[in-house]
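First up is the structure itself, then whatever we jot down about it.
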Amino acid sequence: MRMPIVKFQRGEMVMGRWPGSSLYYEVQVLGFDAKSQLYNVIYKDGTELELKEQDIKSAAGFQTRSRSRSRSPGRRRSRSRSPARIARRLTSHTAAAVAAITDSASSRRDTRLKDTLEVRLSPLQQTKADVNNSKNKHERKEENNMANKLNEMSDAKVEAEPEKNQARYNLRRRKDDGSAKPAVARPEQLEEEVAKMAAAPAATLSTPLDFGGKIGAYFWLLFLPSWVLFLVMQVNQEDPSLVNFPPPLPTLEAFWDAQALCFVILWILFQALLYILPVGKLSEGMPLSSGERLKYRTNGFFAIVVSAVAVAAAVHQGVDLTYIHSHFLQLATASFLISVLLSFYLYVRSRYTSLEQLAVGGNSGHELNPRIKDFDLKFFCEMRPGLIGWCLINFAMALAEMKQHGLDFPSNCMILVNLFQLLYVVDGLWNEEAILTTMDFMHDGFGFMLAFGDLVWVPFTYTIQTYYLVKHPKPLSLPVLTAIVLLKFVGFYIYRKSNSEKNTFRRNPSDPKLSYLKTIPTATGKSLLVSGWWGVVRHPNYLGDLLMALAWSLPCGFSHLLPWYYMIYFIILLVHRDSRDMSQCRRKYGSAWDEYCRTVRYRIIPCVY
Ligand code: NDP
Numbered sequence: 093m094r095m096p097i098v099k100f101q102r103g104e105m106v107m108g109r110w111p112g113s114s115l116y117y118e119v120q121v122l123g124f125d126a127k128s129q130l131y132n133v134i135y136k137d138g139t140e141l142e143l144k145e146q147d148i149k150s151a152a153g154f155q156t157r158s159r160s161r162s163r164s165p166g167r168r169r170s171r172s173r174s175p176a177r178i179a180r181r182l183t184s185h186t187a188a189a190v191a192a193i194t195d196s197a198s199s200r201r202d203t204r205l206k207d208t209l210e211v212r213l214s215p216l217q218q219t220k221a222d223v224n225n226s227k228n229k230h231e232r233k234e235e236n237n238m239a240n241k242l243n244e245m246s247d248a249k250v251e252a253e254p255e256k257n258q259a260r261y262n263l264r265r266r267k268d269d270g271s272a273k274p275a276v277a278r279p280e281q282l283e284e285e286v287a288k289m290a291a292a293p294a295a296t297l298s299t300p301l302d303f304g305g306k307i308g309a310y311f312w313l314l315f316l317p318s319w320v321l322f323l324v325m326q327v328n329q330e331d332p333s334l335v336n337f338p339p340p341l342p343t344l345e346a347f348w349d350a351q352a353l354c355f356v357i358l359w360i361l362f363q364a365l366l367y368i369l370p371v372g373k374l375s376e377g378m379p380l381s382s383g384e385r386l387k388y389r390t391n392g393f394f395a396i397v398v399s400a401v402a403v404a405a406a407v408h409q410g411v412d413l414t415y416i417h418s419h420f421l422q423l424a425t426a427s428f429l430i431s432v433l434l435s436f437y438l439y440v441r442s443r444y445t446s447l448e449q450l451a452v453g454g455n456s457g458h459e460l461n462p463r464i465k466d467f468d469l470k471f472f473c474e475m476r477p478g479l480i481g482w483c484l485i486n487f488a489m490a491l492a493e494m495k496q497h498g499l500d501f502p503s504n505c506m507i508l509v510n511l512f513q514l515l516y517v518v519d520g521l522w523n524e525e526a527i528l529t530t531m532d533f534m535h536d537g538f539g540f541m542l543a544f545g546d547l548v549w550v551p552f553t554y555t556i557q558t559y560y561l562v563k564h565p566k567p568l569s570l571p572v573l574t575a576i577v578l579l580k581f582v583g584f585y586i587y588r589k590s591n592s593e594k595n596t597f598r599r600n601p602s603d604p605k606l607s608y609l610k611t612i613p614t615a616t617g618k619s620l621l622v623s624g625w626w627g628v629v630r631h632p633n634y635l636g637d638l639l640m641a642l643a644w645s646l647p648c649g650f651s652h653l654l655p656w657y658y659m660i661y662f663i664i665l666l667v668h669r670d671s672r673d674m675s676q677c678r679r680k681y682g683s684a685w686d687e688y689c690r691t692v693r694y695r696i697i698p699c700v701y
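According to the numbering used here, the sequence shown is numbered sequentially starting from 93.
Okay, here's the thing in structure tokens:
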């Protein structure tokens, strides 16, 4: 059967661009899909990809780099950051390169970003037999030490089980491949390659722009601050019922208070100081697309303890924290200004950074891990000023409630919400390392959405319940209080256990503590858990989150909808995160993900996907 008339014919050897890079490798055309207008190509190691026509060039137009050049150790060292080095890495990644030529025309970052390929990873079909039911420990060891496995795969095994090996995903170097790489690589080379293999798909797959793309970006820029403004003003009304919508707009001057701006700046600087103190351990992040693992100072628990002592000392010295309640709007405005300035700075620096540093998730062109020396801006903003600030605001709301109602102690509903949310934050800081394996951290660039979310959204909207309770405290009977506490702890247990299980597994797949778990191998070198919490239901952590969010809202009663805002928002957030994660995992893991979904049928968020 002949292919339709297309530029490249089936069987033809051509040069195909490796997704997300400007490197070309020799590939063979397998076919052309007229509907999607994509060529199905195969690399020498068996990796199949679908490429657009503009990402394929005829082999005749390419020059192969002379091997004698790349073999010179001196040259290798001096070119350690050169595209040739990247080429060598990719060579080992795909184990298929015959030539890696950089595309000089694509030196401008903008163009390169725009050009990022839309590819679909098409791993070879995985059989049911690949679902590892009995050799989990072995599989995880295999994942953890992929390099050894590459060499261990003996010819005999390949010959004995040709079909089985054919059926498995194949991104690994074959023993018989004639690539330029030496047969036995140095251990450190292998380690680097393994790390890269695990990280590469996230960096090579092009994903659609999130949050409505460019138009969406303008929309969110206007909508999010307006929404915070609405919430703050609506809750502050004597009767915050929605029939009293819209709340009266304050004058422009009411938004601004220089003192409030100073307080916010001081708070951020204080948290930054705690962050840089050489206290607490240095944790390693997940491998980046370069194979590098960044180090993070995980001293969040120390930071919240010191902050609590400092706040207690300030109150003891007569500082009136109810200022936070009475100047909530001005503090929110000040934080918003800082988040805009920060976003602007992040945007500008992302224009001058290398393509390797940019997040591919969303293709928004933002840096994945912007740092000033060792100071990681994303990690700091995600975990410190907003999160600890959330607890500070809650505490201030409890003091404001006591002041307004002449109480010696806050109401029991105020105490509940304060303690519940404090537990959530303290737990997050105690397990700070776990954030390094979350979606935000591994895939999302640091720009306005995260900066605003960290510095404004979290501290000024997650405190809506305590803000509401200042004016509307609700007495809770003992049985109701007990039921709410139970609900909170059940939710917390599920949340913590499931998040920790995944985090431990991702950090060390061969951790003996997890040896009883079953996994599915994937083409990326990572495996997916199909037993334990992640085998009961997809995203079990979201169930814990939802139960906890319910426990935070119940103490506010049912007189008004507004304190339930967090619950409603959280459901929407999880629906969005869940569907985004599902499609990202589908792209990353291909049919291994389908296999996971067939094995683990239930999901917390019933979505269209
Ligand atoms: P998850 O922690 O659920 O991470 C999803 C990732 O886990 C996937 O991308 C995949 O990454 C990995 N994964 C999925 N399935 C499996 C599996 N079967 N085996 C192994 N790995 C798997 O996502 P989030 O970052 O959304 O959430 C982290 C926590 O933080 C949640 O509890 C969430 O609710 C909470 N959260 C709370 C917020 C709040 O405002 N209160 C905001 C955001 C999050 P890969 O395979 O690449 O490792």
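Where is the CB? At the ideal position from N, CA and C, for every residue including glycine.
- If you check the CB distance, Ile576 and Tyr688 do not come in under 8 Å.
- Annotation for Gly392: the continuous alpha helix (DSSP H) segment containing it runs Gly392 to His408.
- Looking at the DSSP output, Phe124 shares a beta bridge with Tyr131.
- The shortest C-alpha to C-alpha distance from Pro655 to any of Tyr559, Val518 and Cys473 is the one to Tyr559.
- By the Cβ test, the region 362-369 is not in contact with the region 506-521, since fewer than three Cβ pairs between them sit closer than 8 Å.
- For Gly108, the enclosing beta strand (DSSP E) covers residues Met105 to Arg109.
- Proximity of the beta carbon of Met534 to the ligand NDP is indicated: a heavy atom of the ligand is located closer than 7 Å.
- Using a cutoff of 7 Å, the CB of Tyr559 does not count as near the ligand NDP, since none of the ligand's heavy atoms is closer than that.
- In the three-state scheme derived from DSSP, where H, G and I count as helix and E and B as strand, Pro567 is classed as coil.
- When only Cα atoms are considered, Val452 and His535 end up about 7 Å apart.
- For the set His652, Val398, Trp359 and Ser381, the Cα lying nearest the Cα of Gly372 is the one of Val398.
- CA-to-CA, the gap between Tyr388 and Leu491 works out to about 35 Å.
- Not one heavy atom of the ligand NDP lies closer than 7 Å to the C-beta of Lys605.
- Assigned with DSSP and collapsed to three states, Val324 falls in helix.
- When DSSP states are grouped into helix, strand and coil, Asp546 belongs to the helix group.
- For Leu447, the closest C-alpha among the options Ser382, Glu330, Thr616 and Phe662 is that of Ser382.
- Between the ligand NDP and Cys354, a heavy atom-to-CB distance of less than 7 Å is absent.
- Taking a contact as a CB-CB distance under 8 Å, the pair Leu423 and Ala352 counts as one, their CB atoms being some 5 Å apart.
- For Thr611, the enclosing beta strand (DSSP E) covers residues Thr611 to Pro613.
- For Ser619, the enclosing beta strand (DSSP E) covers residues Ser619 to Leu621.
- Comparing C-alpha distances from Gly377 to each of Tyr661, Ala426, Phe322 and Thr529 shows the shortest one belongs to Thr529.
- Taking all protein chains shown into account, Lys306 has fewer than 16 neighbouring C-beta atoms within 10 Å of its C-beta and is therefore exposed.
- Taking a C-beta distance under 8 Å as the contact criterion, Arg476 and Pro462 do not qualify as a contact pair.
- Apart from sequence neighbours up to five positions away, the residues of its chain that approach Ser435 with a beta-carbon distance below 8 Å are Gly539, Phe540, Ala543 and Phe544, ordered along the chain.
- Contact between the region 639-650 and the region 577-585 is established, with three or more Cβ pairs separated by less than 8 Å.
- Among the bridge pairs identified by DSSP, Lys373 is matched with Thr390.
- Tyr444 and Val106 have their C-alpha atoms spaced approximately 33 Å apart.
- Collapsing the DSSP output to three states places Asp673 in a helix.
- Pairwise C-beta distances place the region 589-604 out of contact with the region 673-686, as fewer than three of them are shorter than 8 Å.
- Taking C-beta separations shorter than 8 Å and ignoring five residues to either side along the sequence, the partners of Val629 in its chain run Leu635, Val692, Tyr694, Arg695 and Ile696, following chain order.
- When DSSP states are grouped into helix, strand and coil, Val440 belongs to the helix group.
- For Arg109 and Gln329, the gap between their C-alpha atoms comes out near 59 Å.
- Across the set Ala426, Leu122, Ser651 and Leu639, the C-alpha of Ala426 shows the shortest separation from the C-alpha of Pro551.
- Around the beta carbon of Asn336, a 10 Å sphere encloses fewer than 16 other beta carbons of the protein chains shown; the residue is thus reported as exposed.
- Take the alpha-carbon of Thr343 and the one of Leu638: they are about 38 Å apart.
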